[in-house]
Structures are given as C-alpha cells and as structure tokens.
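So the sequence shown is residues 33 to 208, counted in my numbering.
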Amino acid sequence: MKDRQIDIEWLTDEHECDTCGWSTAEGAKITIDGKPAICLEPSAYCFGSDQWDADQVLGIVLGEMGIRTLLTEPGCDPEDISRGRPSDKLAPLDQHAPVARIEMSAIWDETRDDFSQGYRTFLGNEVIFDHPPALRGSDKSPYHSSTEALVALAEHCGARFTPGSIEAWMRGQKEA
Ligand SMILES: [Zn+2]
Numbered sequence: 033m034k035d036r037q038i039d040i041e042w043l044t045d046e047h048e049c050d051t052c053g054w055s056t057a058e059g060a061k062i063t064i065d066g067k068p069a070i071c072l073e074p075s076a077y078c079f080g081s082d083q084w085d086a087d088q089v090l091g092i093v094l095g096e097m098g099i100r101t102l103l104t105e106p107g108c109d110p111e112d113i114s115r116g117r118p119s120d121k122l123a124p125l126d127q128h129a130p131v132a133r134i135e136m137s138a139i140w141d142e143t144r145d146d147f148s149q150g151y152r153t154f155l156g157n158e159v160i161f162d163h164p165p166a167l168r169g170s171d172k173s174p175y176h177s178s179t180e181a182l183v184a185l186a187e188h189c190g191a192r193f194t195p196g197s198i199e200a201w202m203r204g205q206k207e208a
C-alpha cells in the first residue's frame with residue numbers, strides 16, 4: 033500500500049445553555065495528500081450533539097485509504113468503523129477492500145485493583161500487532177487503547193501523519 037500524507041485538524045464546538053450549562057462536541061477536518069477529504073463538523077447542543085471521537089475519525093481515515101476496519105470491543109460484536117455513522121453518508125468501500133480486524137481484550141483482578149487492556153490486529157489473516165493484556169501490578173499493567181491500535185494500523189498501511197495530527201495519548205504515550 034502506498035504512503036499517504038494524512039493531516040487531521042481536530043475541531044471543537046461549544047454550546048452554553050442556562051439550564052444544562054456548557055457542552056462540547058468534537059470532530060475533525062481530514063486532508064489527504066494535501067487535498068481536503070472529509071470535514072466532520074461538530075455541533076454541540078444540550079443533548080444529541082453531533083460529534084465524532086478519535087476512534088471514529090481514525091476509522092474514517094482508514095476507510096479513505098481503502099481499508100475496511102472492524103473493531104471488536106470485549107464482549108461486543110465486530111463493528112465496521114471505516115465509513116463512520118450511517119448518517120455520515122460516506123461512499124461505500126469496494127467490496128474487495130482489504131479488511132483489518134482489531135480485537136480488544138481486557139483482564140482484571142478486582143481484589144488488587146489491577147486492570148490491563150490489550151489488542152491484536154489482523155490484516156487479512158496475518159497478525160500484524162499483538163499486545164496482549166497482562167497483570168503486573170496496578171501501575172505496571174499495560175493499557176493499550178483502541179485509538180493506539182488504530183494509529184498503529186494506519187501507519188502500518190502507509191499513513192504518514194503530519195505533526196499535530198496525532199496527540200501523544202493517541203499513541204499510548206504519557207502526556208509530556
Ligand atoms: Zn440546554
């Protein structure tokens with residue numbers, strides 16, 4: 033797969049209401065190889081804000097790169113996140129598009145207040161990332177987010193993110 037330069041400008045909208053107080057909504061403007069691709073314009077409201085979280089935005093980026101991404105949270109069915117929400121009305125992917133699967137898994141020990149989350153990513157039948165959860169004591173147990181898995185998958189598939197597109201937490205790094 034060829035390299036694509038991906039720029040994500042993260043957008044925030046705010047709404048103030050005398051009854052509900054402040055609400056915020058997040059979205060993103062996605063530019064690929066210097067051309068505006070998709071604008072997910074957030075609109076904050078008291079309820080039913082129009083917004084996209086980081087995983088939804090990255091799923092759409094992968095879709096724009098021609099990759100169908102199925103994300104499976106623990107205990108849930110796989111969800112195709114490559115074309116956003118039905119209301120986003122994005123053009124469907126080719127039915128022969130490569131399929132990536134991210135399977136999230138988590139383990140915990142309630143008595144020790146110890147929790148760990150990991151993931152395994154398949155591209156076709158090949159495992160390209162394997163970060164299993166492991167209980168190593170409360171502060172040392174790894175926590176890998178689905179956002180981190182999506183960033184790693186996109187970069188594996190040729191995404192070259194511009195500076196500022198991906199914040200440290202999205203790579204699973206601690207904030208500086
Ligand atoms: Zn309100």
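Glycine included, every Cβ here is placed at the ideal spot set by N, Cα and C.
Asked, Found
"Under 8 Å between C-beta atoms of Gly91 and Ser114", "yes"
"Contact between the segment 54-67 and the segment 148-161 (3+ Cβ pairs under 8 Å)", "no"
"Inter-residue CB distance, Pro151 and His163 (contact presumed, cutoff 8 Å)", "Residue 151 is actually Tyr in this sequence, not Pro. With a Cβ gap of about 6 Å, Tyr151 and His163 count as contacting."
"C-alpha distance - Thr23 paired with Ala129, whole-angstrom precision", "Not covered by the structure: residue 23. The range shown for the chain is 33 to 208."
"Cys78 CB to nearest heavy atom of ligand 1 below 7 Å", "yes"
"Span of the alpha helix (DSSP H) around Gly95", "Ala86 to Glu96"
"Beta carbon of Cys191 nearer than 8 Å to that of Arg36", "Note that residue 191 corresponds to Ala in the displayed sequence, not to Cys. Yes, the Cβ-Cβ distance between Ala191 and Arg36 is below 8 Å."
"Range of the contiguous beta strand (DSSP E) that encloses His47", "Arg36 to Cys49"
"Beta carbon of Ile62 nearer than 8 Å to that of Glu111", "no"
"Whole runs of the beta strand (DSSP E) within the segment 145-197, excluding any shorter than 3 residues", "146-155, 158-163 and 191-193"
"Nearest candidate by alpha-carbon position, reference Trp140, set Gly116, Ala181, Arg168 and Gly196", "Arg168"
"For Thr101, the first and last residue of its enclosing beta strand (DSSP E)", "Arg100 to Thr104"
"Check: Thr63 C-beta below 7 Å from any heavy atom of ligand 1", "no"
"Within 8 Å, strictly: CB atoms of Ile134 and Leu103", "yes"
"Through-space distance from Glu142 to Asp126, alpha-carbon basis", "45 Å"
"Asp39 vs Thr179 beta-carbon contact at 8 Å", "no"
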